[in-house]
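Before any comments, here is the structure.
Residue numbers (the working numbering), protein chains in the order written: chain D, 1083 to 1412; chain B, -16 to 293.
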């Protein structure tokens, strides 16, 4: 009797033990999860703050009135918000017309980029020809070589542009294309625009990933090479087309290097207006305090960023998933 | 007459592979022309410019007179700031690139797991890539300084005794602990550049996330069955699989870093503010060669240790 009793006791004890051990394990796992989540949250929130704080700072201070700017108690939330900064910045930048022209300019270049780069990428991905590897290496070289290495010759070329001797063949002298957007159009049409190498690379990787059967089927059905490319391959490449299109558009809109190099008018590239906005307003309205003119600059920056931010918020999904799926990673 | 006939005969006899190779050339033709006209020709011209005195009359065209290596010698031994700016740029690159790579890999590992608000966080991390215009970046930098220093400077102005952290004290403390000066300098430089590092690693994070997602799940299953800990799994599975993309990221980071560096600004100013075109070309060439050299050494070094799955 006693033996049975002790055995039963032991059994109960054991059961409890295992249950306890299980519970403990579960608790440890949960604690680990919680701690990891906490750690992640802290890191992510901290870094997000570093990224977002200047944006919020600019947006907030663009609403500051003079009194808010001089009041040391005001931080981020203005006490007497004003829209005057925006009014004057818009007036000074001729915002509504400039932003339209600027967007149109980037849009045109974006369309050229997509057509040219996808064509070149497709050519590299699907055709075998002599020196192919060497030429593709040249694409990589184009990505690596910084544009400033070639800026002077390109500048000289467009300063006295005769289409590499073609004009003088017909007895005409060169044309000065600087301070028009034409140099940018020409360079982009020849696959040498802003970051064209990267786009060619993206398209190449994507086309290589598509199954060959699609083209073979089209070929059997009697489609020519160019028909296949425009009506079938390009349609299949929509994800990478969207990615490249968005990048080309946004980066072109933001670009000031080429705009400065080719002396493209600030009425076409709105990004250039930012650098002169502060001095302009200080001059016109005779404002001596640079802290106040800084507020106008902030408003101007918000205005310039606005289209990009709108595009980004609307197409945010394509930006990130596009990079992930468009085959940069291969 | 005969020639054209021959040609037409040839055209008839063209094999399919030959036809396809010609079509291939047609597809890459725009880029090929552009590359030859804008890159190869320009690189040659840059070299030519760098060895000559370039005179640009207001009407149009330009004239060159050969001066040998004078521009290079001037840039290195006589120019006020070139050597210093070049050294700082290269040094900054050395500091930034490893940090950006490690940081972006770390962030990719954090962002790869599913959690609430993941899309939002990714959107925030990618924001600097969108807002990378020169003027905007400058203004953001100013605003960041204001945000960071806003309250503390105001309080420092209001109250005579500043309560801010004394950085010098901590540096002295670590120095007394016999930490090597180089390491200490590196850490201080890294900490002071943290915001630049974060804003410069948007694309890299995305590339690493994509790389992480392309690792087959079966590998992790095997590792789990074999009883590998999370630490071991990272070093034996994740890291080798991500390794090839480290090269991609290093190249992207170095190039991106170089485009925004001070040497580029200096070369631009030398050309278009001071009109010393030859000198500017020499500067551009020197800095480009140095960047490419660094790139090749680093890539070669990583490539030796890289494991290719396919």
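Each residue gets a CB set at the ideal place from its N, CA and C atoms; glycine is no exception. Note that this is a predicted model, so its numbers are computed, not measured.
Report yes or no: is there a C-beta of chain B within less than 8 Å of the C-beta of residue 1210 of chain D? The residue you call residue 1210 of chain D lines up with position 128 of the first chain. Residue 1210 of chain D counts as touching chain B.
Contacts around residue 1259 of chain D, its chain only, beta-carbon distance under 6 Å, and the 5 residues preceding and following it disregarded: Position 177 of the first chain, counted from the start, is the residue given in the question as residue 1259 of chain D. So the list reads 1240, 1243 and 1265, once near-sequence residues are dropped.
Taking residue 1162 of chain D as part of the alpha helix (DSSP H), name the residues at either end of that continuous run. Residue 1162 of chain D sits at position 80 when you count from the first residue of the first chain. Note, residue 1162 of chain D: premise wrong, no alpha helix (DSSP H); not H, not E.
Mind checking whether residue 1144 of chain D and residue 1177 of chain D have CB atoms under 8 Å apart? Against the first chain, residue 1144 of chain D aligns to sequence position 62. Against the first chain, residue 1177 of chain D aligns to sequence position 95. Going by C-beta atoms, residue 1144 of chain D is not nearer than 8 Å to residue 1177 of chain D.
Nearest-angstrom Cα distance between residue 226 of chain B and residue 1276 of chain D? For this step, residue 226 of chain B is matched to residue 243 along the second chain. For this step, residue 1276 of chain D is matched to residue 194 along the first chain. C-alpha separation (whole angstroms): 28 Å.
What residues in its chain sit with their C-beta under 6 Å from that of residue -2 of chain B, if we drop five residues either side in the sequence? Sequence index remark: in the second chain, residue -2 of chain B carries index 15 (1-based). Counting only Cβ-Cβ distances below 6 Å, and skipping sequence neighbours, we find nothing.
Inter-residue spacing [alpha-carbon to alpha-carbon] between residue 114 of chain B and residue 1162 of chain D: For the purposes of this step, residue 114 of chain B is taken as residue 131 along the second chain, with counting starting at 1. For the purposes of this step, residue 1162 of chain D is taken as residue 80 along the first chain, with counting starting at 1. Whole-angstrom Cα-Cα distance: 29 Å.
According to DSSP, is residue 1257 of chain D helix, strand or coil? Numbered from 1 along the first chain, position 175 holds the residue referred to as residue 1257 of chain D. Strand, per DSSP.
Name the chain D residues whose beta carbon is nearer than 8 Å to that of residue 13 of chain B? The residue you call residue 13 of chain B lines up with position 30 of the second chain. Here the neighbours are 1198, 1201, 1202, 1271, 1272 and 1273.
Taking the C-alpha atoms as reference points, what is the distance between residue 1134 of chain D and residue 253 of chain B? For the purposes of this step, residue 1134 of chain D is identified with residue 52 of the first chain, where counting begins at 1. For the purposes of this step, residue 253 of chain B is identified with residue 270 of the second chain, where counting begins at 1. In a straight line, the C-alpha of residue 1134 of chain D is about 35 Å away from that of residue 253 of chain B.
Could you check if residue 240 of chain B is buried or exposed, using at least 16 other CB atoms within 10 Å of its CB as the buried criterion? Sequence index remark: in the second chain, residue 240 of chain B carries index 257 (1-based). Answer is buried; the Cβ neighbour count reaches 16.
Chain B residues whose Cβ lies nearer than 7 Å to that of residue 1302 of chain D: Locating residue 1302 of chain D in the first chain gives position 220, counting from the first residue. Residues of chain B passing the Cβ test: none, with the nearest at roughly 14 Å.
Quick check: what's the CA-CA separation for residue 23 of chain B versus residue 1332 of chain D? Here residue 23 of chain B refers to the residue found at position 40 when the second chain is read from its first residue. Here residue 1332 of chain D refers to the residue found at position 250 when the first chain is read from its first residue. Approximately 28 Å between the Cα atoms of the pair.
Determine whether the Cβ of residue 1289 of chain D lies closer than 8 Å to any Cβ atom of chain C. Considering every chain present, this structure includes no chain C. Its protein chains are D and B.
Hey, out of B:153, B:166 and B:180, whose CA is closest to residue 90 of chain B's CA? If you number the second chain from 1, residue 90 of chain B lands on position 107. Comparing Cα-Cα distances from residue 90 of chain B to each of B:153, B:166 and B:180, the minimum goes to B:180.
Look up residue 38 of chain B in the DSSP assignment and give the residues it is bridged to. Here residue 38 of chain B refers to the residue found at position 55 of the second chain. Bridge partners of residue 38 of chain B: B:46.
For residue 1206 of chain D, which of D:1185, D:1091, D:1222 and D:1192 has the nearest alpha-carbon? Here residue 1206 of chain D is taken as the residue at index 124 of the first chain, counted from 1. Closest option to residue 1206 of chain D, Cα to Cα, is D:1222.
Cβ neighbours of residue 287 of chain B in the same chain (closer than 6 Å, five flanking residues each side left out): To locate residue 287 of chain B, count along the second chain from 1; it is residue 304. Counting only Cβ-Cβ distances below 6 Å, and skipping sequence neighbours, we find nothing.
Among B:106, B:231, B:236 and B:80, which has the Cα closest to the Cα of residue 1399 of chain D? For the purposes of this step, residue 1399 of chain D is identified with residue 317 of the first chain, where counting begins at 1. Ranking the options by Cα distance to residue 1399 of chain D, first place goes to B:106.
Distance check for residue 70 of chain B and residue 165 of chain B, CA to CA, integer angstroms please. Along the second chain, read from residue 1 onward, the residue named residue 165 of chain B stands at position 182. Along the second chain, read from residue 1 onward, the residue named residue 70 of chain B stands at position 87. A direct Cα-Cα distance of roughly 16 Å separates residue 165 of chain B from residue 70 of chain B.
Note down the Cα distance separating residue 1132 of chain D from residue 264 of chain B, rounded to an integer number of angstroms. Sequence index remark: in the first chain, residue 1132 of chain D carries index 50 (1-based). Sequence index remark: in the second chain, residue 264 of chain B carries index 281 (1-based). Each residue's alpha carbon lies about 37 Å from the other.
How big is the Cα-Cα spacing for residue 268 of chain B and residue 1340 of chain D? The sequence position of residue 268 of chain B within the second chain is 285, counting from 1. The sequence position of residue 1340 of chain D within the first chain is 258, counting from 1. So the alpha carbons of these two residues sit roughly 19 Å apart.
Under 7 Å by beta carbon: chain D residues contacting residue 200 of chain B: The count along the second chain starts at 1 and reaches residue 200 of chain B at position 217. The contacting residues do not exist; residue 200 of chain B stays about 16 Å from chain D at best.
Given that a residue counts as buried once 16 or more other Cβ atoms are within 10 Å of its Cβ, and exposed if not, what is residue 249 of chain B? Here residue 249 of chain B refers to the residue found at position 266 of the second chain. Residue 249 of chain B should be labelled buried.
Own chain, CB closer than 7 Å to residue 1218 of chain D, minus 5 neighbours either side, in chain order: On the first chain, position 136 is the one that residue 1218 of chain D refers to. The beta carbon of residue 1218 of chain D sits closer than 7 Å to the beta carbons of 1206 from its chain, once the five residues preceding and following it are set aside; these are given in chain order.
Please say whether residue 72 of chain B and residue 272 of chain B have beta carbons closer to each other than 8 Å? Your numbering for residue 272 of chain B matches position 289 in the second chain. Your numbering for residue 72 of chain B matches position 89 in the second chain. No, Cβ-Cβ distance for residue 272 of chain B and residue 72 of chain B is not below 8 Å.
Taking a cut of 8 Å between CB atoms, which residues from the stretch 177 to 206 of chain B lie near chain D? 177, 178, 181, 182, 186, 189, 190, 192, 193, 194, 196 and 197
Residue 1211 of chain D - DSSP class collapsed to helix/strand/coil: Reading the first chain from its first residue, position 129 is the one you call residue 1211 of chain D. Residue 1211 of chain D falls in the coil class under three-state DSSP.
Would residue 1282 of chain D and residue 14 of chain B qualify as a contact pair, given that the criterion is a beta-carbon distance under 8 Å? For the purposes of this step, residue 1282 of chain D is taken as the residue at position 200 of the first chain. For the purposes of this step, residue 14 of chain B is taken as the residue at position 31 of the second chain. Yes, Cβ-Cβ distance for residue 1282 of chain D and residue 14 of chain B is below 8 Å.
Do the CB positions of residue 1160 of chain D and residue 1138 of chain D come within less than 8 Å of each other? What you label residue 1160 of chain D is simply residue 78 of the first chain in a count that begins at 1. What you label residue 1138 of chain D is simply residue 56 of the first chain in a count that begins at 1. No.
Using a Cβ-Cβ distance under 8 Å, would residue 1398 of chain D count as near chain B? Here residue 1398 of chain D corresponds to residue number 316 of the first chain, with the count starting at 1. At a cut-off of 8 Å between beta-carbon atoms, residue 1398 of chain D makes contact with chain B.
Helix, strand or coil for residue 1146 of chain D? Go by DSSP, reduced to three states. Sequence index remark: in the first chain, residue 1146 of chain D carries index 64 (1-based). In the structure shown, residue 1146 of chain D sits in coil (DSSP, three-state: anything other than H, G, I, E or B).
For residue 48 of chain B, tell me which candidate among B:61, B:279, B:34 and B:41 has the shortest Cα-Cα distance. By 1-based counting over the second chain, the position of residue 48 of chain B is 65. When each option's Cα is compared against that of residue 48 of chain B, the closest is B:34.
Specify the secondary structure class of residue 1243 of chain D as computed by DSSP and reduced to three states. In the first chain, the residue the question calls residue 1243 of chain D occupies position 161. Strand.
Backbone CA spacing between residue 1392 of chain D and residue 1327 of chain D [nearest angstrom]: The residue you call residue 1392 of chain D lines up with position 310 of the first chain. The residue you call residue 1327 of chain D lines up with position 245 of the first chain. Approximately 15 Å between the Cα atoms of the pair.
Go through its chain and collect everything with a Cβ distance to residue 1036 of chain D's Cβ below 7 Å, but skip five positions before and after it. Residue coverage of chain D in this structure runs from 1083 to 1412, which leaves residue 1036 of chain D outside it and unanswerable.
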